[in-house]
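Student: Numbering (the numbering used here) for the sequence shown: 40 to 260.
Encoded as structure tokens, here's the structure I'll be asking about.
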Amino acid sequence: MRVAIAGAGAVGRSIASELIEKSHEVMLIERDLGAIEPETVEHAEWINADACELASLEEAGLQGCDVVIAATGDDKVNLVVALLAKMEFAVRRVVARVNDPRNEWLFNDTWGVDVAVSTPRMLAAVVEEAVSVGDLVRLMTLRQGQANLVEVTLPETTPWAGRPVRELRLPTDSALVVILRGGRVIVPQADDPLEGLDELIMVATADVEDEIRRTLGSTGR
40 MRVAIAGAGA VGRSIASELI EKSHEVMLIE RDLGAIEPET VEHAEWINAD
90 ACELASLEEA GLQGCDVVIA ATGDDKVNLV VALLAKMEFA VRRVVARVND
140 PRNEWLFNDT WGVDVAVSTP RMLAAVVEEA VSVGDLVRLM TLRQGQANLV
190 EVTLPETTPW AGRPVRELRL PTDSALVVIL RGGRVIVPQA DDPLEGLDEL
240 IMVATADVED EIRRTLGSTG R
């Protein structure tokens, strides 16, 4: 997979290194010539260009990329990059970094964003997840805000303990994806029993999150 990353700061370089380790082809686009440091990510293609300029992106070959990641520290730049990538170059997948949570509402399909990654929200979610038992925590927004990745940690004394997954009647527009139990990652099967302190990772629309809370807070009988 060919991935273009706009912004070669610490975040952009870290993403590039991770993707290269997984055998993806990565192009880093950076406007500031002083920030061009090929030795920091040796196997990436480095481009000195303004990612907000259509001609620069065309010259860089953005049309040949499968994914574009707008990872600069400026939300305005990330929105412009996302819009150009999606509307002008028809890039299949566009991921954009949200620096200021107040701007998060802008990062949607109107601006060409498929997935918005808000560092402040993710850090808050991690803290919340670490201390919240029995409540639903939203970890990430997926697919232009149409669905969310959410997590619920069952209380140690949950009435669901010992009952099989098939009895967990989740609402329409939601799905249990994985169960985290201690150090194990369990792909749930119908007959798998639930246990107290299980972390249930689900995909769900925002409309059904309250119903999920009610379902997991009851015995379901």
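Even glycine gets a Cβ: it sits at the ideal position worked out from N, Cα and C.
#1: If you check the beta carbons only, do residue 118 and residue 135 fall under 8 Å apart?
#2: List the endpoints of the continuous beta strand (DSSP E) containing residue 175.
#3: Please state whether DSSP places residue 156 in a helix, a strand or coil.
#4: Just mark residue 69 as buried or exposed, buried being the case when its beta carbon has 16 or more other beta carbons within 10 Å.
#5: Applying the criterion that 16 or more other CB atoms from any shown protein chain within 10 Å of the CB defines a buried residue, is residue 66 buried or exposed?
#6: By DSSP, does residue 126 sit in helix, in strand, or in coil?
#7: Could you give the first and the last residue of the continuous alpha helix (DSSP H) run that contains residue 43?
#8: From the DSSP secondary-structure annotation, give me the bridge partner or partners of residue 247.
#9: Ordered along the chain, which non-local residues of its own chain (more than five positions away) have a Cβ less than 8 Å from that of residue 129?
#10: Taking the continuous beta strand (DSSP E) assigned at residue 56, which residues delimit it?
#11: By how many angstroms is the C-alpha of residue 132 removed from the C-alpha of residue 64?
#12: Return the Cβ separation of residue 175 and residue 252 in integer angstroms, given the expectation that the two are a contact with Cβ distance under 8 Å.
#13: Thinking just about the alpha-carbon of each residue, which of 62, 154, 239 and 52 is nearest to the one in residue 197?
Tutor: In short:
#1: Locating residue 118 in the sequence shown gives position 79, counting from the first residue. Locating residue 135 in the sequence shown gives position 96, counting from the first residue. Cβ distance < 8 Å, so residue 118 and residue 135 count as in contact.
#2: Looking up residue 175 in the sequence shown gives position 136. First-last of the beta strand (DSSP E) with residue 175: 175-181.
#3: In the sequence shown, counting from the first residue as 1, residue 156 sits at position 117. In the structure shown, residue 156 sits in a strand (DSSP, three-state: E or B).
#4: Translated into positions along the sequence shown, residue 69 becomes position 30. Buried is the call here.
#5: For this step, residue 66 is matched to residue 27 along the sequence shown. Flag for residue 66 reads buried.
#6: One-based indexing of the sequence shown puts residue 126 at position 87. Note: residue 126 maps to helix in three-state DSSP.
#7: Here residue 43 refers to the residue found at position 4 when the sequence shown is read from its first residue. Looking at the DSSP string, residue 43 is not in any alpha helix (DSSP H); the run it does join, the beta strand (DSSP E), is 41-45.
#8: Locating residue 247 in the sequence shown gives position 208, counting from the first residue. DSSP, once it has assigned bridges, lists no residue as partnering residue 247.
#9: Here the question's residue 129 lines up with position 90 in the sequence shown. Correct list, in chain order: 102.
#10: Here residue 56 corresponds to residue number 17 of the sequence shown, with the count starting at 1. No beta strand (DSSP E) holds residue 56; the alpha helix (DSSP H) holding it covers 49-60.
#11: The count along the sequence shown starts at 1 and reaches residue 64 at position 25. The count along the sequence shown starts at 1 and reaches residue 132 at position 93. Between residue 64 and residue 132, the C-alpha separation is close to 15 Å.
#12: If you number the sequence shown from 1, residue 175 lands on position 136. If you number the sequence shown from 1, residue 252 lands on position 213. Sure, about 5 Å apart at Cβ, within 8 Å.
#13: Residue numbering aside, residue 197 sits at position 158 when the sequence shown is read from its first letter. Of the candidates 62, 154, 239 and 52, the one whose C-alpha sits nearest the C-alpha of residue 197 is 239.
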